[in-house]
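**Q**
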Amino acid sequence: MGFLYFDYLLKKVTFVSVSNKNEIDETMKGSKLNSYFQKLRFQYRVSVLNENTLEESWHVRLSRLSVFVYASGMVLVTFILLTILIFTTPIRYYLPGYGDSGNRGQIISESMYVDSLLQKVELQDGYLEIMKGIISGNLKADSIISIDSAQLKETAVAYLEKSRKEKEFVEKFEREEKYNLATIDTKPNENMYVFFRPTKGVISSSFNLSEKQYGINIITSPDETVVSVLSGTVIYSAFTFDYGWVIQVQHENNYISIYKNNTRLLKKAGDNVKAGEGIAITGESGENKTDNHFYFELWQQGKPVNPEDVIIF
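According to the numbering used here, the sequence shown is numbered sequentially starting from 4.
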């Protein structure tokens with residue numbers, strides 16, 4: 004009986020010691036955490052002393068937490084200021100991938116202009132070298148050959164006079180074809196119009212009058228150039244909520260071509276364009292680029308024309 008009571012007391016003491024140990028561990032953890040936060044919030048005095056009088060000229064109280072907050076805020080403000088400076092100044096053009104096709108076209112035109120200037124400078128340098136040689140006596144001026152105008156006139160008349168065989172052939176052809184009406188064609192030949200393909204891509208939906216599909220949808224690459232199918236005049240150039248940037252061109256024989264879902268226009272109303280000349284940029288580069296296909300329509304005298312009948316895609 005005594006042995007059992009002693010064993011019961013031993014277990015109770017062991018249980019109490021284990022529970023006290025857990026409480027002590029939790030208390031120690033809490034105290035360590037509190038001491039850590041106290042260290043972060045503990046303020047240090049930073050003073051500036053006069054070297055001669057050792058008097059305090061300026062002081063500030065800082066803690067580790069405040070130093071971290073101030074440093075992080077300074078880094079963030081510096082990053083924002085640098086970002087604004089880069090994207091609001093010409094420095095942005097030095098970033099990789101920032102230039103677009105418009106800038107590329109401008110660069111090409113400027114490079115061509117520079118090449119023409121270089122050619123002019125080279126011609127002027129050559130002219131100056133020749134003049135310098137003539138003035139110094141190193142080069143002799145070209146001698147002027149006298150021109151006999153009477154002889155040149157006789158030669159020209161001889162070349163212009165028709166030969167006897169040529170006269171006979173012309174008279175025979177005029178007699179045979181004088182009353183031949185089969186060669187007269189009073190109808191205009193519309194096949195003489197050579198239509199350019201408006202842009203590169205794959206046709207996703209074709210012309211269909213029954214479904215009021217008056218044009219064709221074309222899947223293009225991002226930033227693809229749109230060209231005028233024929234020479235003409237731009238009659239409309241504006242932004243619409245349904246079809247984005249839209250441009251229309253009036254052509255000969257009452258043809259009107261309409262280009263929709265563009266990302267940028269290169270011409271304005273009233274501009275004259277040539278066949279195959281770039282008039283717009285199409286093709287989205289985002290995630291929804293398949294939802295905004297390039298749309299092309301061709302009309303003649305108020306009636307829609309199937310573009311695939313006159314244009315090779």
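Even for Gly, the Cβ is constructed at its ideal location relative to N, Cα and C.
Within the continuous beta strand (DSSP E) that includes T236, where are the two ends?
**A** 235-243
**Q** Would you mind sorting P93 into buried or exposed? The rule is 16 or more other CB atoms within 10 Å of its CB.
**A** exposed
**Q** Identify, in the order they occur along the chain, each residue of the same chain with its Cβ nearer than 8 Å to the Cβ of F88, setting aside the five sequence neighbours on each side.
**A** Note that residue 88 is Leu in the sequence shown here, rather than Phe. Hits under 8 Å: I94.
**Q** Rounded to whole angstroms, what is the Cα-Cα separation between F40 and R267?
**A** 58 Å
**Q** Give me, in chain order, the residues of the same chain whose beta-carbon lies closer than 6 Å to that of V237; leave out the 5 immediate sequence neighbours on both sides.
**A** V252, K270, A272, D274
**Q** Within the present structure, is the beta-carbon of L57 separated from the nearest heavy atom of the ligand GTP by less than 7 Å?
**A** As presented, the structure is devoid of all ligands, the ligand GTP included, so that no description of it is given.
**Q** Does L121 pass the burial test, meaning 16 or more other C-beta atoms within 10 Å, or should it be called exposed?
**A** exposed
**Q** Would you mind stating whether I221 and G204 have Cβ atoms separated by less than 8 Å?
**A** yes
**Q** Return yes when the Cβ of F199 is within less than 8 Å of the Cβ of E311, no when it is not.
**A** Result no, Cβ atoms of E311 and F199 do not sit closer than 8 Å.
**Q** Roughly how many whole angstroms lie between the Cα atoms of F299 and P99?
**A** 33 Å
**Q** By the DSSP assignment, the beta strand (DSSP E) with F297 in it spans what residues?
**A** 297-303
**Q** In the DSSP assignment, find the unbroken alpha helix (DSSP H) run with R200 in it and report its ends.
**A** Per DSSP, R200 belongs to no alpha helix (DSSP H) and is neither H nor E.
**Q** Assuming P310 is part of the alpha helix (DSSP H), what are its boundary residues?
**A** 310-313
**Q** For E255, which of helix, strand or coil comes out of DSSP?
**A** helix
**Q** For the alpha helix (DSSP H) containing R67, list its first residue and its last residue.
**A** 67-90
**Q** In three-state DSSP terms, what is Y217?
**A** coil
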